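Data first, discussion second: the structure below is written as structure tokens.
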Amino acid sequence: MDRRTVLKGLAGAGGLALTGLSAPAIAQGASARTLRFVPQANLANFDPIWGTQYVVRNAAALVWDTLYGVDAKLQPQRQMVESEETTDDGKTWTFKLRPGLKFHDGEPVLSKDVVASLSRWAARDPMGLMILAIQQELTAVDDRTFKWVLKQPFPKMLYALAKNNAPCSFIMPERIAKTDPFKQITEYVGSGPMKFAKSEWVPGAKSVFEKFTDYVPRQEKASWLAGGKNILVDRVEWLVMPDPATAAAALQNGEVDWWENPISDLVPVLKKNKNISVDIGDPLGNIGSFRMNHLHPPFNNVKARRAVLMALSQEDYMRALVGDDDTLWKPLPGFFTPDTPLYTELGGEILKGKRDFDAAKKLLAESGYSGQPVTCVVAQDQSITKAQGDVTADLLKKLGMNVDFVATDWGTVGARRAMKTPPGQGGWNMFHSWHAGADCINPAAYTAIRANGDKAWFGWPNSPNTEKEITAWFDAKNLEEEKAAIGQVNKAALEDVVYAPTGFFLTYTAWRKNVSGITKGPLPFFWDVSKSA
Amino acid sequence: MLSYILRRIVSTLPVMAIVALFVFSLLYIAPGDPAVVIAGDQASPEDVERIRQGLGLDRPFLIQFGSWVWRILHGDLGTSIFTSLPVSAMIGQRLGPTLSLMTVTLLLTIVVAVPLGVVAAWKAGSFIDRAIMAFAVFGFSLPVFVVGYVLAYIFALELEWLPVQGYTPLTEGFWPWLQNLILPSIALGCVYIALIARITRATMLEVLQQDYIRTARAKGLGQGGILFVHALKNAAVPIVTVIGIGIALLIGGAVVTESVFAIPGLGRLTIDAILRRDYPVIQGIVLLFSFVYVLVNLMIDVVYTLVDPRIRY
Chain E
1 MDRRTVLKGL AGAGGLALTG LSAPAIAQGA SARTLRFVPQ ANLANFDPIW GTQYVVRNAA
61 ALVWDTLYGV DAKLQPQRQM VESEETTDDG KTWTFKLRPG LKFHDGEPVL SKDVVASLSR
121 WAARDPMGLM ILAIQQELTA VDDRTFKWVL KQPFPKMLYA LAKNNAPCSF IMPERIAKTD
181 PFKQITEYVG SGPMKFAKSE WVPGAKSVFE KFTDYVPRQE KASWLAGGKN ILVDRVEWLV
241 MPDPATAAAA LQNGEVDWWE NPISDLVPVL KKNKNISVDI GDPLGNIGSF RMNHLHPPFN
301 NVKARRAVLM ALSQEDYMRA LVGDDDTLWK PLPGFFTPDT PLYTELGGEI LKGKRDFDAA
361 KKLLAESGYS GQPVTCVVAQ DQSITKAQGD VTADLLKKLG MNVDFVATDW GTVGARRAMK
421 TPPGQGGWNM FHSWHAGADC INPAAYTAIR ANGDKAWFGW PNSPNTEKEI TAWFDAKNLE
481 EEKAAIGQVN KAALEDVVYA PTGFFLTYTA WRKNVSGITK GPLPFFWDVS KSA
Chain Y
1001 MLSYILRRIV STLPVMAIVA LFVFSLLYIA PGDPAVVIAG DQASPEDVER IRQGLGLDRP
1061 FLIQFGSWVW RILHGDLGTS IFTSLPVSAM IGQRLGPTLS LMTVTLLLTI VVAVPLGVVA
1121 AWKAGSFIDR AIMAFAVFGF SLPVFVVGYV LAYIFALELE WLPVQGYTPL TEGFWPWLQN
1181 LILPSIALGC VYIALIARIT RATMLEVLQQ DYIRTARAKG LGQGGILFVH ALKNAAVPIV
1241 TVIGIGIALL IGGAVVTESV FAIPGLGRLT IDAILRRDYP VIQGIVLLFS FVYVLVNLMI
1301 DVVYTLVDPR IRY
């Protein structure tokens, strides 16, 4: 019996015992004006430009507002901006801010703050860097108007300013935004609907956000990062719980109100509790990744990479990740998020149907593989990478590969995967990761799909065809052109095996039934969330 | 005695210096990179390198070590790579919960374990003795997290008497403070109760065979007086030693307990810092822990002189 079995059994017993019982005394005494939330991870730093972890982005969305926000239809909508104009040649964008915008220190939000914020953001964001590369000037025209002049058109400008992928273009006061983008800010004066209570911040344990009463929400209904961000509680407390069983028990006991991502093992227990609602948290889900090093044998040969694709069973990976709950996963013969406008399966035949080990072995032999060790660096402290790593070890062994399985932690994988040296000299042959589906709806923030060799993400794939089609997407002027380009990106990236997708999977979120207004989305949205006693 | 204590405190300095060098070197050569964690999964290698430079992690070992030592000598433990908060402030935030947990656990352990050991020795071979020793084996065998989950299930989920998790500072009231510590202290204390009960029993058994105990009985002293005044005092040195070792071991046990009961203590801070490679925080905590170890040993030595007048320094 292992620790996970014990906690599941005990949490289960607790859940059964509590079914039909009312909330305990501890919960009844809690204030309905405070929402207690268990986030997916610890908020260890709070600079959304310097640190781009999802948890930082999620917390920052409470504290800082953006010029535009992407809505549930994945469309950019005005947020801090009142209006925008672009010249006929598409090279000059002029934006006007809404009146009455204030920072948490009471100062008005001015164009100079926006200019400084966008400059800092652009230095760290992939789309921002593309804009910087063609920027002529970014200037404040007056207190509420600013202008971005480019040397050539950039059709995805509004999407870049609205996207929810980290780093988002959060607006900060000029004096803070002038901080070097590679150094951390230490002052957290926001422009969003909640203030960060720095004095109550215990990194690793607790973060507190208080309602900013001077925030002026938009009149439109809230939709993801767009629309009226109306805060209906006075205070939101983020309580970090490293142990999932503790979080499950705390939710059942009414000590917390909302658990962002319960592990799938404990979901059946939570579903049995009549005081708890459970639903898919982020409909855009995640894409599992089997990332190969294109610089060194055997995966520097496309035949070896294709051999892996031919043998790889996404069902094996997904079942290892989410168990028997078939609503939580689907096969993904491609790289883009299912059920989004640009989703495509073009070129995805290699990942479909019965797995052909004989053909894969033949292809592997043709690649020149002759039994040299294949170094798989697998983080054991992340359940997603561990589960994928176990399946991969089995897969590669079945293919006849000599697996050098390096079981380590995520911090080590993070450092080692940056090494370009051969595997025997500190490098690697493959590692696992996963990408938020929100990052994979198009190439804008999809670093992992880039295939520009040395400049590409770890593994350094070099696929000119993939890059050509990505450029075509950036230049596309309408949805049809975008779809055509993305289809070709998918096809080219699968032919050259930029990386091997291991499937698409979803996760749950759970909350007590006295909490209402929780919406599905790529991050937890706290606007319109209320709590009754 | 005072000069002895001062000598011992001064003698901790080289120990601390060696610990500091060892920890710094170990972290320097250990795999992992905080810049990677900060930059996020999608960051480019160039971004990671720029962050490393910003943090000063690209500087040579000697320069990094030298500047760290210089700061330590000025009473500055440095700044967390991740939070930008002073390490001393972060440790200060976490010290209260861990000290509370250790104090309650230690008191519980001593109050329960010593009498159990004494009674087991007094009733050696009887059903009571066997029951106490069976409990001790049980306490040794059960992992802290299993005890923790079972206690949380019974007393928090089932009976709804106590909270599942969290910590309330003592400043907000004695009962709210204690309420959060009862279950973690029992979970953490089980193994130490077992350990100290067994040591107490073994030592007491030996003492109870001594001639002076027979003399005490012969002159008509009551059982309580014999056990708790004459025998226990003579058995105290090994018991105090084990309690001291227990205090040191509690620091390790607190890591698991704090995770299971979501107590924001030093144990969790340590784990978080290690996983993130937050070097200044790890170094600060290790220095603190090593100082505590040395201090506990000193305290034990001092307590020896109180329980055994023959021991003098």
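Top to bottom, those sequences are chains E and Y.
Counting from 1, one number per residue, gives the positions in the first sequence under our numbering.
Counting from 1001, one number per residue, gives the positions in the second sequence under our numbering.
Cβ atoms here follow ideal geometry from the backbone N, Cα and C, with glycine treated the same way.
All values derive from a computational prediction rather than experimental measurement.
Asked                                                                                                                                                                           : Found
Could you name the residues of the segment 399 to 428 of chain E whose beta carbon sits closer than 8 Å to any beta carbon of chain Y, in the order they occur along the chain? : Thr408, Asp409, Trp410, Gly411, Thr412, Gly414, Ala415, Arg416, Ala418
Residue range of the alpha helix (DSSP H) that Cys376 (chain E) falls in?                                                                                                       : Counting along the chain, Cys376 (chain E) falls outside any alpha helix (DSSP H), though it belongs to the beta strand (DSSP E) covering 373 to 379.
Does the beta carbon of Met241 (chain E) come closer than 8 Å to any beta carbon on chain Y?                                                                                    : yes
Which of helix, strand or coil does DSSP assign to Asp47 (chain E)?                                                                                                             : coil
Residues in its own chain within less than 6 Å of Glu200 (chain E) by CB, not counting five upstream and five downstream?                                                       : Val208
If we call anything under 8 Å between Cβ atoms a contact, is Trp473 (chain E) one with Val497 (chain E)?                                                                        : no
For Ala1231 (chain Y) versus Val1260 (chain Y), is the C-beta distance shorter than 8 Å?                                                                                        : no
What are the start and end residues of the beta strand (DSSP E) that includes Gly503 (chain E)?                                                                                 : 500 to 505
Between the Cα of Cys376 (chain E) and those of E:Leu363, E:Leu399, E:Val413, E:Lys354, spot the shortest distance and give me the residue it belongs to.                       : E:Val413
Could you tell me which chain E residues have their CB closer than 8 Å to the CB of Pro1045 (chain Y), listed as they occur along the chain?                                    : Ala418, Phe458
Determine the direct distance from the alpha carbon of Gly69 (chain E) to that of Ala226 (chain E), and round the result to whole angstroms.                                    : 4 Å
For my contact list, Ser264 (chain E) and Gly190 (chain E) are in at a C-beta cut-off of 8 Å; report their separation, rounded to the angstrom.                                 : About 34 Å; that fails the 8 Å criterion.
Looking only at its own chain, which residues have a Cβ that is under 7 Å from the Cβ of Ile280 (chain E), when we skip the five neighbours before and after it?                : Leu506, Tyr508, Lys520
Would Leu1108 (chain Y) pass as a contact of Ser1003 (chain Y) if the rule is Cβ separation under 8 Å?                                                                          : no
For a quick check, are the C-beta atoms of Met241 (chain E) and Val406 (chain E) less than 8 Å apart?                                                                           : no
Under a three-way DSSP split, which group does Gly192 (chain E) fall into?                                                                                                      : coil
Would you say Thr34 (chain E) and Glu237 (chain E) are within 8 Å of each other, going by their C-beta atoms?                                                                   : yes
Reducing DSSP to helix, strand and coil, say where Met292 (chain E) ends up.                                                                                                    : strand
To which residues of the same chain is Lys206 (chain E) closer than 8 Å at the C-beta, ignoring the five residues directly before and after it?                                 : Glu200, Glu237, Trp238, Leu239, Val240
Taking the alpha helix (DSSP H) that Ile1282 (chain Y) belongs to, which residues open and close that run?                                                                      : 1279 to 1307
Does the distance from the C-beta atom of Lys303 (chain E) to that of Ser367 (chain E) stay below 8 Å?                                                                          : yes
Taking the C-alpha atoms as reference points, what is the distance between Thr66 (chain E) and Phe212 (chain E)?                                                                : 16 Å
Using a Cβ cut-off of 7 Å, pull out every chain E residue sitting near Phe1174 (chain Y), in sequence order please.                                                             : In chain order: nothing, as chain E lies at least about 17 Å away.
With a cut-off of 8 Å on the beta carbons, I'd call Ala476 (chain E) and Glu482 (chain E) a contact; round off their distance for me.                                           : 4 Å
Apart from the five residues on each side of it in sequence, which residues of its chain come closer than 8 Å, Cβ to Cβ, to Glu220 (chain E)?                                   : Gln77, Ala226, Gly227, Gly228
Any beta carbon of chain E sitting closer than 8 Å to that of Pro1163 (chain Y)?                                                                                                : yes
Give me the chain Y residues within the contact set of Trp50 (chain E), using Cβ-Cβ distance strictly less than 8 Å, ordered along the chain.                                   : Ile1038, Ile1051
Of all the CB atoms in chain E, is at least one closer than 8 Å to the CB of Tyr1279 (chain Y)?                                                                                 : no
Given 8 Å as the limit, is there contact between the segment 91 to 101 of chain E and the segment 148 to 159 of chain E, that is, 3 or more CB pairs closer than that?          : yes
Which first and last residues belong to the alpha helix (DSSP H) in which Ser1185 (chain Y) is found?                                                                           : 1174 to 1207
Consult DSSP for Tyr369 (chain E) and reduce its assignment to one of helix, strand or coil.                                                                                    : coil
Return no unless some Cβ of chain Y is closer than 8 Å to the Cβ of Ala59 (chain E).                                                                                            : no
Pro1264 (chain Y) CB to nearest chain E CB: under 8 Å?                                                                                                                          : yes
Using 10 angstroms around the beta-carbon of Val1104 (chain Y), count the other beta-carbons present and answer buried if the total reaches 16, otherwise exposed.              : buried
For the 8 Å Cβ check, are there 3 or more pairs between the segment 41 to 53 of chain E and the segment 1078 to 1095 of chain Y?                                                : yes
Short of 8 Å in beta carbon distance, which residues of its chain neighbour Ser111 (chain E), apart from the five on each side in sequence? Order them along the chain.         : Leu97, Ala140, Val141, Asp142, Asp143, Arg144, Thr145, Phe146
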